[in-house]
Amino acid sequence: MFAKVKTPVLCLTMAAAAMAAGCTEVPVWRQGTVSKPNMVFNDRGAFVYGMHLNSQVEAGSADNGGATAAGCTACK
Amino acid sequence: MSPRIQGALFAALAALAASALRADVPGTGAILAADALECPDVRVGEANFQADATLAKSQYEVSATRTRIGIDYAPARDDFVTRPVNRVEESTAVSLTARMATDSDFSPLAVVGGYRGFTDYRSIWLDEYYRQYFTGVPGYAAVSPDGWNALVGGRWTYVPGTAILQCTLLRQGDTISPGYEPQIGAPLLRGLSRLRTTQVRVSTENVVSPTVRTLLQAGATNTTGRVTRYSLQGSVNWALTGSLTLRSVVAGVREGDGFHAESASATLERDWDARWFLGLGARVYGDSGEVVDPLIVSSAAPALRTLDVPVSLRWQGSRAALSVEAGPYRTRYDVIPLASTQFARLYANRNWTHVEGTASWRF
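In order, the protein sequences belong to chains S and D. Residue numbers for the first sequence follow numbering that gives the first Met the number 0, so the first one is 0 and each next one is one higher. Residue numbers for the second sequence follow numbering that gives the first Met the number 0, so the first one is 0 and each next one is one higher.
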């Protein structure tokens, strides 16, 4: 399904979502729940979710490009 | 990456680690993590150490990763040239990150890093295959893979405490072990061995209600010899009750008409006083494969589907945190084209086990 979606549509969706989210302001005193360690988006430490070694197998998960994502460039 | 740069980064790591381990320096921390992904013929192990320190309101972080990959190479049924061999490769990666504090809502970010060694089991398998086939043949040359990367970006808190926008620009260089193609009456045709990658990524994180936090990420990545890759990922963390949290992620990647991938995951986690966390997750992934023409020989991967079902246990203390996560990981490929059956063992269906453990300290 994703393959059918055009890039400009995705960009517009991103921008709209970002702006819409910015319109809602949740006061800090009501952010106790969303500040729990398993509610934040952490890129390091004990509360990182998801297996990062899956990029060993999944070409579409190696989102940094480069050697891992471009293994096939070497073989065609 | 030159040994001199690698040495400098290791020196920075040692200095920051030393300061992080001194309890009298505020704003310092350290993280130790170990990951393993194993199946009967492939073993991947990774150990990572990170240390960070806050100096003059800015945060500096160094990271060192050691990876060990072992494969039991075995030739395909109709391959009478190559021989079974057990091969182990080790690689090292280091990086230095700086997050600068300013008086405004904007904070710049910079990362430099590098690595030496093979980064994945597939490239080791292919390197072994070509090494056994073509060593001594004109045109063949062994390669020691390495690479560097540099990232600059910024983080803008456009609604204080509620909404954050981050933009990054990455430039990356890789030297890889290339593929080879025999030619009649001429040296081997050698594939690309030097790759350059440029990536732009935009992400926005928002607190949309007292119980929902979202993250949207979009990126465009261009690597030598490939069509630009576009990626989009949406994540929602939703506190269903005071102690039950649902984390969900949907992601998609597209590379022209030749490759696309989609994935979705959900993790349900129960916590006890925000101190102990027990989670159960499931993640599915599928891609179109990278085979362009099934009638010609290609080491490109056929279409892939995977399933990962992890169970996790985490503990959060006042200054320390621990986590352990483990589960089965199933990978299933489409049937490999008849022209490329010599790579059938590389793209075999596998049942993996993965285990991850992390410990972190704040001082």
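Virtual Cβ for every residue (Gly too), placed ideally from N, Cα, C.
Minimum C-alpha distance to residue i - residue among the options
i                      : options                       : result
residue 221 of chain D : D:255, D:237, D:158 and D:91  : D:255
residue 366 of chain D : D:240, D:248, D:249 and D:301 : In the structure displayed, chain D extends from 0 to 362; residue 366 of chain D sits before or after that span and is not available.
residue 282 of chain D : D:29, D:310 and D:101         : D:310
residue 276 of chain D : D:292, D:316 and D:247        : D:316
residue 305 of chain D : D:346, D:134 and D:113        : D:346
residue 193 of chain D : D:353, D:178 and D:332        : D:178
residue 324 of chain D : D:338, D:352 and D:52         : D:352
residue 26 of chain D  : D:301, D:76, D:52 and D:36    : D:52
residue 116 of chain D : D:338, D:89 and D:136         : D:89
residue 169 of chain D : D:87, D:201, D:334 and D:180  : D:201
residue 290 of chain D : D:319, D:55, D:334 and D:41   : D:334
residue 253 of chain D : D:218, D:266, D:224 and D:245 : D:218
residue 58 of chain S  : D:350, D:301, D:321 and D:360 : D:301
CB contact check: residue i to chain S, cutoff 8 Å
i                      : result
residue 22 of chain D  : Low confidence applies here, because residue 22 of chain D scores a pLDDT of 47, under 50, leaving its location unreliable; read the following figure in that light. Cβ-Cβ to chain S under 8 Å: no for residue 22 of chain D.
residue 90 of chain D  : no
residue 165 of chain D : no
residue 355 of chain D : yes
residue 313 of chain D : yes
residue 300 of chain D : yes
residue 107 of chain D : no
residue 168 of chain D : no
residue 199 of chain D : no
residue 359 of chain D : yes
residue 30 of chain D  : yes
residue 45 of chain D  : yes
residue 206 of chain D : yes
residue 270 of chain D : yes
residue 262 of chain D : yes
residue 136 of chain D : no
residue 181 of chain D : no
residue 158 of chain D : yes
residue 110 of chain D : no
Span of the beta strand (DSSP E) around residue i
i                      : result
residue 324 of chain D : 319–332
residue 228 of chain D : 228–238
residue 171 of chain D : 162–174
residue 157 of chain D : 145–158
residue 81 of chain D  : From DSSP, residue 81 of chain D is part of no beta strand (DSSP E); its letter is neither H nor E.
residue 258 of chain D : 258–271
residue 70 of chain D  : 57–72
residue 106 of chain D : 105–115
residue 245 of chain D : 243–254
residue 288 of chain D : Here residue 288 of chain D belongs to no beta strand (DSSP E), and DSSP marks it neither H nor E.
residue 100 of chain D : Where residue 100 of chain D is concerned, there is no enclosing beta strand (DSSP E), given that its DSSP letter is neither H nor E.
Helix, strand or coil at residue i according to DSSP, with G and I counted as helix
i                      : result
residue 184 of chain D : coil
residue 22 of chain D  : Here residue 22 of chain D scores only 47 on pLDDT, less than 50, and its place in the model is too uncertain to base an answer on.
residue 295 of chain D : coil
residue 32 of chain S  : helix
residue 345 of chain D : coil
residue 37 of chain S  : coil
residue 340 of chain D : helix
residue 58 of chain S  : helix
residue 128 of chain D : helix
residue 121 of chain D : helix
residue 47 of chain S  : coil
residue 354 of chain D : strand
residue 48 of chain D  : strand
residue 362 of chain D : coil
residue 191 of chain D : coil
residue 136 of chain D : coil
residue 203 of chain D : strand
residue 27 of chain S  : helix
Proximal chain S residues relative to residue i, where beta-carbon distance stays under 8 Å
i                      : result
residue 320 of chain D : 36, 44, 45 and 46
residue 212 of chain D : 33, 38, 39 and 40
residue 284 of chain D : 53, 57, 59 and 60
residue 34 of chain D  : 50, 51 and 52
residue 246 of chain D : 37 and 48
residue 53 of chain D  : What residue 53 of chain D touches in chain S: nothing, since even the nearest Cβ is about 15 Å away.
Contact set between residue i and chain S, taken where Cβ atoms lie within less than 9 Å
i                      : result
residue 153 of chain D : Ordered by position in chain S, no residue passes the 9 Å Cβ test against residue 153 of chain D, which lies about 15 Å from the chain.
residue 49 of chain D  : 43 and 44
residue 307 of chain D : 49, 50 and 53
residue 303 of chain D : 56, 57, 58 and 59
residue 273 of chain D : 35, 36 and 37
Closer than 8 Å to chain D by CB, residue i
i                     : result
residue 53 of chain S : yes
Interface partners of residue i on chain B, CB under 8 Å
i                      : result
residue 236 of chain D : This model lacks chain B altogether, as its protein chains are S and D.
beta-carbon residue i near the ligand FMN non-hydrogen atom, thresh 7 Å
i                      : result
residue 247 of chain D : The ligand FMN is not part of the structure shown, which contains no ligands of any sort.
Contact set between residue i and chain S, taken where Cβ atoms lie within less than 7 Å
i                      : result
residue 120 of chain D : 55
residue 276 of chain D : 37
residue 161 of chain D : 24 and 25
residue 330 of chain D : 56
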